[in-house]
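Residue numbers (our numbering), protein chains in the order written: chain A, -16 to 255; chain B, 17 to 327.
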């Protein structure tokens, strides 16, 4: 019976991680060993029919080749219900899904650009390819930055961390793209930088513009509302510059930023 | 042991001349072209696959956001995005031919001529068992629903498609009408071999803070368990009005849900939105129907069609 993508996962650890985030660790060996940075999973928060659909979550780490680590923020009914799922419970998970980040070629400096709650796939990227990376983490204020446990992992995996908050409560005051622009124009700029970004649409559009201005390759991981995650509902389609749409779940979620028609993106709050 | 073997219930059905190993199909637009689910579901165990709607030319679909979750359901306004009939025949159909399952091709167009054009292209193609004619998509302005909510237009369209192909023709009806029997009769009179019902119910959801519709298209089609009672009622009404075989669909999540449709008068059922929620839903439903028949001591699923006790 083929069933390589459908798994029952056991909750090993599930606790608030601070700053409004939860850290969820699921034991799912087949899923974990098949995963790569940039992949995501569809997780059903309950076996009930309301809420009906599974939710997409980016994988933030694979632990001991057997377990998946997920970080999420409580933003809607689905994630609120998920918080009540305790250790020992089994959840239905489909994955790993999506294309993942392209493996960086030798000699480049990955610039990981994380906006708000978009950091998880970049944390996984940092674990696999992090040594030469710089993290640029930005958010509205200090309380919306990645939780301390995630920041600790980032610091141990990358060579430098740059913070930016819009209210100046942590790091540079302003947008993450401001500190990124300063770095790219400044003396500290490394050889052959390549951007890997995940976060709100508006931030990704700005990162994409910046990448074009500085002629830096840029990969963006798109977070979209999706029903199936398997490429059939066509709900997560993203407008392409060349015309037409591509599916975030199948051709994505990682795209070369030049492919995307940023003006065609409608930015709505993601209510999960 | 020998006794047990004789107790294996018969799940085979004849649907408008198409022989199916069990009554469970995939609802169009919820299972792609089969390939997307092939590593989760053994396609050989399905009665058939009704593929995502195909038009004469490729269609890009609607701008996002295209979906929104609602209580026990979801709204979608995909806009019939598809690669067109030529790409379907070249890239999609060959994969499905590898499996022992019926392939029913859902077709649509923006004009009568386009419907006829797709039907003609698919006539005589090996591996295609039948056509499901979508006259009921609520998400495209020119196509689908225009034919689906005017019984005279539906009759003319379906009669033209009927003439264009030797394949069994199944009309997929819209629930967004006052009297479903009027459309069931129009499809019968046009020479259709079967009916699929129901397509999605037209709906809308609004973000009260931004005061904007949740979908870029403003309105969308509602599917999922929320619509099931409406669907069962319409299948029951249509079954009483015409003697054509029916494919019942609308929020089927389990075998018991499917059996409701069969008792209401459906010969076969299609599993739709459930594929998003539980990718194995189709085989779970098929197995569950077999199990129910065994428990009830019923020899064939055909014995249950239309057997709701209303007297």
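Cβ atoms here follow ideal geometry from the backbone N, Cα and C, with glycine treated the same way.
Separation of residue j from residue i, as counted between CA atoms
i	j	result
residue 18/A	residue -1/A	24 angstroms
residue 238/A	residue 254/B	47 angstroms
residue 84/A	residue 115/B	33 angstroms
residue 318/B	residue 170/B	29 angstroms
residue 220/B	residue 218/A	16 angstroms
residue 13/A	residue -5/A	16 angstroms
residue 131/A	residue 1/A	7 angstroms
residue 183/B	residue 7/A	52 angstroms
residue 201/A	residue 86/A	13 angstroms
residue 225/B	residue 91/B	19 angstroms
residue 48/A	residue 222/B	43 angstroms
residue 162/B	residue 119/A	52 angstroms
residue 282/B	residue 123/A	55 angstroms
residue 33/A	residue 276/B	21 angstroms
residue 81/B	residue 324/B	41 angstroms
residue 148/A	residue 41/A	23 angstroms
residue 305/B	residue 44/B	21 angstroms
residue 257/B	residue 216/B	21 angstroms
residue 108/A	residue 21/A	7 angstroms
residue 114/A	residue 236/A	24 angstroms
residue 171/A	residue 102/B	54 angstroms
residue 19/B	residue 259/B	Residue confidence for residue 19/B is low, a pLDDT of 47 falling below 50, so the modelled location carries little weight and cannot support an answer.
Close beta carbons around residue i, own chain, < 8 angstroms, minus the five adjacent residues each side
i	result
residue 75/B	95, 96, 97, 98, 100
Residue i at chain A interface by Cβ criterion, 8 angstroms
i	result
residue 269/B	yes
residue 53/B	yes
residue 92/B	yes
residue 124/B	no
residue 293/B	yes
residue 76/B	yes
residue 48/B	yes
residue 243/B	no
residue 70/B	no
residue 25/B	no
residue 88/B	yes
residue 81/B	yes
residue 240/B	yes
Within 8 angstroms, strictly: CB atoms of residue i and residue j
i	j	result
residue 178/A	residue 98/A	no
residue 210/A	residue 221/A	no
residue 242/B	residue 264/B	no
residue 60/A	residue 92/A	no
residue 131/B	residue 176/B	yes
residue 184/A	residue 166/A	no
residue 66/B	residue 286/B	yes
residue 72/B	residue 42/B	no
residue 133/A	residue 54/A	yes
residue 210/B	residue 261/B	yes
residue 174/B	residue 149/B	yes
Cβ of residue i within 8 angstroms of any chain B Cβ
i	result
residue 185/A	no
residue 26/A	no
residue 244/A	no
residue 35/A	yes
residue 109/A	no
residue 240/A	no
residue 251/A	Annotation note: pLDDT 41 at residue 251/A (below 50); position unreliable, no value reported.
residue 13/A	no
residue 96/A	no
residue 208/A	yes
residue 55/A	no
residue 191/A	no
residue 205/A	no
residue 216/A	yes
Beta-carbon proximity list for residue i, same chain, < 6 angstroms, skipping 5 on both sides
i	result
residue 291/B	46, 47, 297
residue 67/A	none
residue 214/B	191, 247, 250, 266
residue 95/A	105, 116, 118, 179
residue 51/B	111
Cut-off 7 angstroms between Cβ atoms - residues of its own chain near residue i, not counting five sequence neighbours on either side
i	result
residue -11/A	77
residue 233/A	214
residue 254/A	Because residue 254/A carries a pLDDT of 40, less than 50, the predicted location of this residue cannot be relied on, and no value is offered for it.
residue 135/B	123, 147, 177, 180, 181
Partner residues on chain E for residue i, Cβ-Cβ distance less than 7 angstroms
i	result
residue 296/B	The structure shown contains no chain E; its protein chains are A and B.
Indicate whether the contact test is met: 3 or more Cβ pairs, each with one atom in the stretch 43 to 63 of chain B and one in the stretch 290 to 300 of chain B, closer than 8 angstroms.
yes
Taking contact to mean 3 or more Cβ pairs, one atom from each stretch, closer than 8 angstroms, check whether the stretch 117 to 127 of chain B and the stretch 235 to 248 of chain A are in contact.
no
Quick one: any contact between the stretch 59 to 76 of chain A and the stretch 146 to 156 of chain A, if contact means 3 or more CB pairs under 8 angstroms?
no
For the 8 angstroms Cβ check, are there 3 or more pairs between the stretch 227 to 234 of chain B and the stretch 195 to 207 of chain B?
no
Can we say the stretch 27 to 34 of chain B touches the stretch 267 to 279 of chain B, given the rule of at least three CB pairs closer than 8 angstroms?
no
Are the stretch 128 to 142 of chain B and the stretch 79 to 90 of chain B touching by the rule of at least three beta carbon pairs closer than 8 angstroms?
no
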